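In the working numbering, the protein residues as written are 171 to 1148. Contents: one structure, followed by commentary.
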C-alpha cells in the first residue's frame, strides 16, 4: 500500500507529440557525461549551505538510559515488583537484573542455557533457543513466583518446528540481593508448537489472569502454512488467558470460566482472542486495563490492535485491511486494526505502552510504539476506535525490540542491535533551521544558478539508464564537502549511524549532496536534492521560476502548479513530490543514491573516458576492500568487472539487457526484496528472469480484464499486466510516483522484450479488432498507435470518440490522457483529499449525484429501501464514519475491505476471469455476485483457480470525472446519512 500522487496532467492532447519526442529511451538533451578531472585538478567544495533541515525538529530525542549497561541482542524488558530493579533478557536465554540508577551493574537473574535441566524431558529437544517473555505474579512479593516464556531448538534440522517447543514455565525467585531465580523450581505450565513466529510475550492482566501471545509458528511465506490463523482448535495465532493460581485436572493451570470459547465445540478454551500473525509485544494500560498488541504483518501492513474478549484480528483471512485467505474465517467476525501502518513507513512493528509517567506530561495517555525495521517511534491517541493523531516522536536511531516501564511509569526501550537501553527526553534543539536555503541560489551548489554554472567541487555525472520523467530530461551533479569522497566497498557493509540494517556498497561522507535538475523542452522545471547528514538521507525539491532566474524550496508536502512547457506559452500542470514521497524510491533497500551507484556510473562518456575510472582517479570515489583498506583507482579492466546497466535506447546492446535496465531504473527500487512494493516482484538487474516472480505468474493486484493474464506472459505483452500498468493513465499505473504519462519508447522496448521471452523471438503486434477499443487487447494496440501518432486525423477522431463513450475503468484509462477537455476542472485520477475536504458540500446535490448514471453508487449500495445490496448498506454510514474516512473509502476503495465484502477471482479452464462476492461454495461449485448484483454460478469442474482478490469490487477512480465541488457534495450526502 502506497499513497498515489495527485494528477499532474489533466489532458495530454496538446503535449502528446512532445512526450513522444522526449521519450526516456532517447539520448539525453544535455551533455552530462564529461568525466571529472584527475586528482591534481580537483577543486574542494567549500560553499555548502545545505545544513540541518527546514522542518521543525521532532519533539523528543532518544537518549541512553544506563550508560554502563550493554547486552547481547536483548529481547525483553521487565520490572521486578516491589523494587526499583529491572530485568533484561538476551535472545540466547540469559536474563540479567539491575538497579534503576545511572551506574547500574547487571547481575545474572537466570541463565536458561546453563542452568535449566528440563530440556531432555521433551522428545526431540536439543537445547534452549531463545527467551521471549517474563512476567511476575501479581502477588510476587509474597509468593516469589515469576513466569518465563522460552523456546527449545529441536535436534533434527529437517524438522524446523518442535512440538511443545515453546513453553511458559513457573519459577521461584530467591529472596537475595540481587534477586536470583532458582532454576530447579521450574514447572512447565503450558506449551505449544515452536518455530517461526513464536509470539511469546506474557503479562498478567488487571484481572490476575496470565495472558500469553502466540504466533502462527511459520516462516514469512507462504502465509500461515499451518492454517492456524482462523482456527481456534489449537493454541497458535492467539492471545491465551489462563489462571495460574488454580489447576484443572491434568494441567498446571485452570481455564477461566468466562473465557469466550469455553462452550465452543472443538475450540481450545484457553483462547481469549485470535487471528494474529506474529504478535510482537503486548501490554496493559495500567489505568484503563486495555490490552494493546503489535502484530507483525506479511507483505503490506503492520498492525496495532486493542484486543477484546473473543476478538478475531484477521490473520490469515486478512492482513490489516487487505484480504489474504478470506475463504477461511473463524467463529467470530474479523475486527479491524486500531492502527494500520503501510510498509512504506513500517516493516516490523514493536508493540509499546500507554505512557503513564510524570516526566513527560505531554505524552500522558498516549500509546507509544515503534518499528523494528525503520526505527521510527510514534505516540498515538484515539477517539474511540479511531486514531486521532499519531505524531512521530524522535529521529529514527535505535532498533526497538521491546518497551518497558519502571515503577513510576517512565518509559524505556531496548536496542536489539547495540544491546543498550534508551528513554526519551525533550528535544531542545529549537525551532526549524531559519538559515536553511529557501532558494537554490542559497545552497552553495552554484556559482551562477541562472547560468547553471556549478560551484567549484560540484561535479556533473551521467547515468546509464535514465528514469522516465514524463518527457523531462535530467542533469546530475554530486558534491562532497571539502576534499572528501564517497567510498565504494568491494561488498556491501552497514553504514555506521545510518538508519536500517541494510548493507551498502557506496558510503557517502557527511554533508554529501546529490542533485538532479529536470527540464521540459530546454526549460528547467525542478531541481531535486538528496542530502546525507551523517545519519539520514533527506530529500528536498526546488521549483524553478518562469523567468529561470532561480528555484524556490517546495513545501514538505509537495506542490502542484502550472509550468511552461517549451516555447509558445504552452503550459502544463506539474507535480512536485513531497519529501516523504521522494524517499519512497530513495530508500535503504535501493541504497538511497539511485543514480550515484556503480551500475549507473560505469559508462564511457562522450570524451571517451570511463566515468568510474575518472571518478576514482580524481578522488571523488575511493575504492575499498573488505577490510576497509584503500584499493588503487579503477582502470579499464577492473571497471569492466563492475555491474553495468545498459542504455535502454542503445540498439547496439542486447534487447534483454536494455529492457531489464529500464525496469531496474523505473521499478526496481520498489519491486525488490524488502523494497516496499505491494507484490513480491524482483525487478532489479541482474536478477535472473526465472527469479523475477513475474514471468508466467498470475497477477495478485488485478488483471484489468485481460484473458488468462500474467504479470509477464511469455510472448504476449498484451496479456501482461506489467505492460498494461505502464500503458495506462491514472490509478494503478506504474511507476506511480514521479510519472503520470506513458513512455512510448519504453513501452515499445518492454513489448519487444516480452514478445521474445521463451525463445520465440520478437513477433508482430496483435491486430486490432477494427477500431473498437472495448476489448482490452485491442485497446492496448490502439492506444499505442494513438500515442505514437500513427493514426490519421480521421482515425484519431474516430478512436477518441469511441474511447470517450467507455465507462471509467482500465480500458478507458488507456485513452484518458488523450481525450479532449470539456473545460470542467476535473479532479483526475489522484485528487488531493484536502482539495475536497476544504469545500463546503450540498447534501441535496450530492444525493442526486449518488443516484445518477454518472456515479452509479446505487448500483451496489442500498440507502433505506432504495438501491442494491451488493456492497455495504449506507443508510447510516454518516453516523459510523467521519468525513475523512468516508473520503478515503471513495478515493481508495481497496485500502480497507470488510471480510464479508471481499471479492473472489475465479479463473476457468476455458479462459474466463470472473470476480464477485462469494454467495455460496460447495462441492458443486461456487456462486459469485457480480458488481451489478447478478449471481453467477460456476461449476466446480470448470474452475481452474479461485482466490480472494485484494481489490475492492468498487472501482478505482470513482471521483476522477467529478469536480472538487461535486465530490464535496457527494461526501456531504454520505455524511448526512444517519
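We put the beta carbon where it would ideally sit given N, CA and C, even for glycine. From a predicted model like this one, the values you see are computed outputs, not experimental measurements.
Residue 950: first and last residue of the uninterrupted alpha helix (DSSP H) it sits in:
Here residue 950 is taken as the residue at index 780 of the chain shown, counted from 1. Looking at the DSSP string, the run of the alpha helix (DSSP H) that includes residue 950 is 946 to 957.
Can you name the residues that DSSP bridges to residue 315?
Reading the chain shown from its first residue, position 145 is the one you call residue 315. 342, per the DSSP bridge assignment.
Touch test, the stretch 228 to 243 against the stretch 587 to 598, Cβ-Cβ under 8 Å, three pairs minimum
Enough Cβ pairs lie closer than 8 Å, so yes.
Would you mind working out which of 995, 817 and 779 sits nearest residue 769, comparing C-alpha positions?
The residue labelled residue 769 in the question sits at position 599 within the chain shown. Put simply, of 995, 817 and 779 the residue whose alpha carbon is nearest the alpha carbon of residue 769 is 817.
Top-ranked residue by Cα proximity to residue 369, from 555, 319 and 504:
Taking the first residue of the chain shown as position 1, residue 369 is located at position 199. The residue among 555, 319 and 504 with its C-alpha nearest the C-alpha of residue 369 is 319.
Pair within 7 Å by beta-carbon distance, residue 953 and residue 984:
Here residue 953 is taken as the residue at index 783 of the chain shown, counted from 1. Here residue 984 is taken as the residue at index 814 of the chain shown, counted from 1. By the CB criterion at 7 Å, residue 953 and residue 984 fall inside the cutoff.
In the DSSP output, what is residue 352 paired with across the bridge?
Your numbering for residue 352 matches position 182 in the chain shown. For residue 352, which the question treats as bridged, DSSP gives the partners 342.
When DSSP labels each residue in this structure, what does residue 898 get in the three-state scheme?
Along the chain shown, read from residue 1 onward, the residue named residue 898 stands at position 728. The DSSP-derived three-state label of residue 898 is coil.
What is the rounded straight-line gap between the Cα of residue 1087 and the Cα of residue 876?
Here residue 1087 refers to the residue found at position 917 when the chain shown is read from its first residue. Here residue 876 refers to the residue found at position 706 when the chain shown is read from its first residue. Cα to Cα, the separation comes out at about 20 Å.
With three or more C-beta pairs closer than 8 Å as the rule, is the stretch 876 to 887 touching the stretch 966 to 975?
Between the stretch 966 to 975 and the stretch 876 to 887 there are fewer than three inter-stretch CB-CB distances shorter than 8 Å, so the stretches are not counted as touching.
Beta-carbon proximity list for residue 325, same chain, < 8 Å, skipping 5 on both sides:
Here residue 325 refers to the residue found at position 155 when the chain shown is read from its first residue. Taken in chain order, the residues that qualify are 294, 295 and 296.
For residue 863 and residue 853, I'd like the C-alpha separation in whole angstroms.
Locating residue 863 in the chain shown gives position 693, counting from the first residue. Locating residue 853 in the chain shown gives position 683, counting from the first residue. Take the alpha-carbon of residue 863 and the one of residue 853: they are about 9 Å apart.
If you draw a straight line from the C-alpha of residue 607 to the C-alpha of residue 729, how long is it?
For the purposes of this step, residue 607 is identified with residue 437 of the chain shown, where counting begins at 1. For the purposes of this step, residue 729 is identified with residue 559 of the chain shown, where counting begins at 1. In a straight line, the C-alpha of residue 607 is about 18 Å away from that of residue 729.
Grab me the residues of residue 653's own chain with a C-beta within less than 6 Å of its C-beta, minus the 5 sequence neighbours each way, in chain order.
Within the chain shown, numbered from 1, the residue matching residue 653 stands at position 483. Counting only Cβ-Cβ distances below 6 Å, and skipping sequence neighbours, we find 214.
Grab me the residues of residue 613's own chain with a C-beta within less than 6 Å of its C-beta, minus the 5 sequence neighbours each way, in chain order.
Residue mapping note: residue 613 aligns to position 443 of the chain shown, counting from 1. Annotation for residue 613: 219, 220 and 607 place their beta carbon closer than 6 Å to its own, counting only its chain and skipping 5 residues before and after.
My output table needs one value for residue 881: the three-state DSSP class, helix, strand or coil.
On the chain shown, residue 881 is found 711 positions in, with the first residue counted as 1. Judged by DSSP in its simplified three-state form, residue 881 adopts coil rather than helix or strand.
Bridge partners of residue 710, per DSSP?
Here residue 710 corresponds to residue number 540 of the chain shown, with the count starting at 1. Under DSSP, residue 710 forms a beta bridge with 699.
Sequence-distant residues of its chain with Cβ nearer than 8 Å to residue 621 (five each side left out):
Taking the first residue of the chain shown as position 1, residue 621 is located at position 451. Cβ within range, chain order: n/a, list empty.
Could you tell me which of 1123, 1097 and 748 sits nearest to residue 1112, measuring between CA atoms?
Residue numbering aside, residue 1112 sits at position 942 when the chain shown is read from its first letter. Nearest option by C-alpha distance: 1097.
So for residue 384, helix, strand or coil by DSSP?
Taking the first residue of the chain shown as position 1, residue 384 is located at position 214. In the three-state reduction of the DSSP assignment, residue 384 falls in the strand class, which pools E and B.
Would you check if the stretch 453 to 468 and the stretch 397 to 404 touch, i.e. whether three or more CB-CB distances between them fall below 8 Å?
Contact between the stretch 397 to 404 and the stretch 453 to 468 is absent, because fewer than three Cβ pairs lie under 8 Å.
Per DSSP, what kind of secondary structure is residue 490 in: helix, strand or coil?
Residue 490 sits at position 320 when you count from the first residue of the chain shown. In the three-state reduction of the DSSP assignment, residue 490 falls in the coil class, being assigned neither a helical nor a strand state.
Looking at the strands, I want to know which residues DSSP matches up with residue 680.
Reading the chain shown from its first residue, position 510 is the one you call residue 680. According to DSSP, which records beta bridges pairwise, residue 680 is partnered with nothing at all.
Hey, out of 680, 840 and 782, whose CA is closest to residue 752's CA?
By one-based count along the chain shown, residue 752 stands at place 582. Looking at the Cα atoms, 840 is the closest of the given residues.
Quick check on DSSP: helix, strand or coil for residue 1022?
Translated into positions along the chain shown, residue 1022 becomes position 852. Residue 1022: coil per DSSP, three-state reduction.
Can you give me the start and stop residues for the beta strand (DSSP E) that residue 512 sits inside?
Here the question's residue 512 lines up with position 342 in the chain shown. Segment 509 to 512, the beta strand (DSSP E) holding residue 512.
If residue 1106 and residue 1114 are in contact, beta carbons under 8 Å, what's the gap, nearest whole angstrom?
In the chain shown, the residue the question calls residue 1106 occupies position 936. In the chain shown, the residue the question calls residue 1114 occupies position 944. Not quite, the Cβ-Cβ distance comes to about 16 Å (not below 8 Å), so this is no contact.
So what's residue 552 in DSSP terms, helix, strand or just coil?
Numbered from 1 along the chain shown, position 382 holds the residue referred to as residue 552. In the structure shown, residue 552 sits in a strand (DSSP, three-state: E or B).
Could you give the DSSP three-state label for residue 268: helix, strand or coil?
Sequence index remark: in the chain shown, residue 268 carries index 98 (1-based). Of the three classes helix, strand and coil, the one that applies to residue 268 here is strand, per DSSP.
Residue burial classification, residue 759 (beta-carbon count within 10 angstroms, cutoff 16):
Within the chain shown, the letter at position 589 stands for residue 759. Residue 759 should be labelled buried.
Count the other C-beta atoms from every protein chain shown that fall within 10 angstroms of the C-beta of residue 544, then say buried if there are 16 or more, exposed otherwise.
Sequence index remark: in the chain shown, residue 544 carries index 374 (1-based). So residue 544 counts as buried.
Tell me which residue opens and which closes the alpha helix (DSSP H) that residue 277 is part of.
Here residue 277 corresponds to residue number 107 of the chain shown, with the count starting at 1. Membership of residue 277 in any alpha helix (DSSP H) is not indicated; the residue belongs instead to the beta strand (DSSP E) covering 277 to 281.
Using the DSSP secondary-structure output, state which residues sit across from residue 464 in a beta bridge.
Counted from its first residue, the chain shown places residue 464 at position 294. In the DSSP output, where bridge partners are listed per residue, residue 464 has 474.
Grouping DSSP H, G and I as helix and E and B as strand, with all else coil, what is residue 749?
By one-based count along the chain shown, residue 749 stands at place 579. DSSP places residue 749 in helix when its eight states are reduced to three.
Among 453, 427 and 1002, which residue has its Cα nearest to the Cα of residue 441?
Position 271 of the chain shown, counted from the start, is the residue given in the question as residue 441. Checking every option, the nearest Cα to that of residue 441 belongs to 427.
I'd like to know whether the C-beta atoms of residue 316 and residue 278 end up nearer to each other than 7 Å.
Against the chain shown, residue 316 aligns to sequence position 146. Against the chain shown, residue 278 aligns to sequence position 108. With a cutoff of 7 Å on beta-carbon distance, residue 316 and residue 278 are scored as not near each other.
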